[in-house]
Amino acid sequence: MASIIIPSSSSSSSCSTSSLLHSRTPTINKHFKSSLLPELPIRSSLAKFSTPLSRRNSIKRSKTGFKCSAVDSSVLPSALLFDCDGVLVDTEKDGHRVSFNDTFNEKELGVTWDVDLYGELLKIGGGKERMTAYFNETGWPENTPKGEQERKEFIASLHKRKTELFMVLIEKKLLPLRPGVAKLIDQAFAKGVKVAVCSTSNEKAVSAIVSFLLGPERAAKIQIFAGDVVPRKKPDPAIYNLAATTLGVEPSRCVVVEDSGIGLAAAKAAGMTCIVTKSGYTADEDFENADAVFDCIGDPPEERFDLAFCTNLLQKQYV
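Spelled out as structure tokens, the structure:
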């Protein structure tokens, strides 16, 4: 599937992706082998994306993105489905990672996840799964349980504490919404388009982000699918399948906004249109299978795309 790829504008600082740190503190981290992370299958879309010659003259590109016109409102998306971390808020480096490390420190595990390592671990969907894979590979600290069931309960307790620490950051509004998120959600509400958040993160953490950062009025209209609501996490499409079924919409009429390869794989495997907005950790990932790729959603005057653009993706035309 052909995709629209929008490079970051050098004149726009509000939407630029954060750079990765390349220094690494010598810790137990060096023993983690990224090659042992699970393979992330990216399924091809069933429908090929094309721009017929008759439509080419209607393509208009602005300095910061694509502006859409002549939208057929009868094919508005039935639902906009947002990932949470990296899409609503760029939470990973200075939110979740910090909260994981604070939890490890409280439990005296002698483990620190630096910036680069955490970027590798993000290829594993779900915080509990992430910690389990890490300890299985590097070795479990001496002061952790030995039995399989006890370790599972220990990981659950770590994740619960990590979520508590993360929620403090959100409640204090130390991590802001990404540009354009509130705008696009408001446009969807104005047109009667359903909105949901579909995330592998803990449901309490996702609910806190939606409630505190988007506000209670918007939160009341947004359905949340998160955490262990499905048995298999992204890149499995289960969470998007559940969202479509629960909302009563056809997957083909859904537009997903994701920031990662595993999220993109989940959306496409569910048969949905997917727009990628790159985040700090995902800027260099391969998004060839995406329907469009931007550095962010963006607010005017640096808007990258809007609901009209999402609608035109469903019409298989860019205007």
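Heads up: the sequence shown at position 9 corresponds to 7 in the numbering used here, and the numbers run straight through without jumps. Yeah, the Cβ is synthetic: ideal placement off N, Cα and C, and Gly gets one too.
Please classify residue i as buried or exposed, where buried requires at least 16 other C-beta atoms within 10 Å of its C-beta.
| i | result |
| --- | --- |
| LEU120 | buried |
| GLU135 | exposed |
| GLU301 | buried |
| ASP284 | exposed |
| THR75 | Note that residue 75 corresponds to Pro in the displayed sequence, not to Thr. PRO75 comes out buried. |
| ASN310 | buried |
| ALA154 | exposed |
| GLY137 | exposed |
| ALA265 | buried |
| ASP293 | buried |
| CYS282 | The identity of residue 282 in the sequence shown is Asp, whereas the question assumes Cys. ASP282 should be labelled exposed. |
| VAL166 | exposed |
| LEU312 | buried |
| THR243 | exposed |
| THR62 | Low local confidence applies: a pLDDT of 47 at THR62 is under 50, so the model's placement there is unreliable, with the coordinate-based value given in what follows. By the neighbour-count rule (16 or more Cβ atoms within 10 Å), THR62 is buried. |
| LEU51 | Summary for LEU51: the model assigns pLDDT 24, below 50, so the residue's position carries little reliability, and this model does not support an answer. |
Quick one: Cα of residue i to Cα of residue j, how far?
| i | j | result |
| --- | --- | --- |
| ALA217 | GLU140 | 43 Å |
| ALA324 | VAL73 | Residue 324 is absent from the model: the chain starts at -1 and stops at 317. |
| PHE133 | ARG230 | 20 Å |
| ASP226 | GLY123 | 11 Å |
| GLY213 | LYS171 | 12 Å |
| LYS232 | PRO298 | 32 Å |
| ILE183 | THR130 | 35 Å |
| CYS308 | ARG95 | 32 Å |
| ASP304 | LEU156 | 39 Å |
| ILE260 | ALA288 | 12 Å |
| LYS28 | LEU115 | For LYS28, the predicted structure reports a pLDDT of 41, less than 50, and the residue's modelled location is therefore unreliable. A value from the coordinates is still provided. Going by the C-alpha atoms only, they are around 8 Å apart. |
| CYS196 | GLY84 | 12 Å |
| LYS276 | ARG149 | 34 Å |
| ASN318 | ALA263 | Shown here, the chain extends from -1 to 317; a query on residue 318 therefore has no answer. |
| LEU78 | GLU127 | 27 Å |
| VAL255 | ASN99 | 28 Å |
| VAL228 | LYS158 | 18 Å |
| ILE295 | PHE152 | 39 Å |
| ALA306 | ASN103 | 47 Å |
| GLU286 | THR280 | 13 Å |
| ASP234 | GLU215 | 31 Å |
At a cut-off of 8 Å, would you count residue i as near the ligand NAD, judging by its Cβ distance to the nearest heavy atom?
| i | result |
| --- | --- |
| THR130 | You won't find the ligand NAD in this model; it holds no ligand whatsoever. |
Report the option in the options whose CA atom is closest to the CA atom of residue i.
| i | options | result |
| --- | --- | --- |
| ILE237 | ALA268, VAL253, LEU211 | ALA268 |
| LYS314 | CYS294, LYS181, ALA290 | ALA290 |
| PHE80 | GLU151, ASN103, ASP257 | ASP257 |
| ALA180 | CYS82, ASP282, ALA281 | CYS82 |
| GLY278 | ASP92, LEU78, ALA77 | ASP92 |
Can you round the beta-carbon distance between residue i and residue j to whole angstroms, since I take them to be within the 8 Å contact cut?
| i | j | result |
| --- | --- | --- |
| SER199 | GLY117 | Their Cβ separation, rounded to whole angstroms, is 16 Å, which puts SER199 and GLY117 out of contact at 8 Å. |
| GLU169 | ALA206 | 7 Å |
| LYS189 | VAL247 | Incorrect: roughly 14 Å between the Cβ atoms, too far for contact. |
| ALA186 | LEU245 | In fact, because the Cβ distance is near 13 Å, the residues do not count as touching under 8 Å. |
| SER97 | LYS160 | 5 Å |
| LEU211 | VAL87 | 6 Å |
| LEU163 | THR101 | 6 Å |
Any beta carbon from chain C within less than 9 Å of residue i's own beta carbon?
| i | result |
| --- | --- |
| ASP257 | Here chain C cannot be found, since the structure has a single protein chain. |
The segment 214 to 226 / the segment 100 to 119 touching (three or more Cβ pairs under 8 Å): no
Three CB pairs or more closer than 8 Å across the segment 269 to 280 and the segment 238 to 257: yes
The segment 141 to 158 / the segment 173 to 181 touching (three or more Cβ pairs under 8 Å): no
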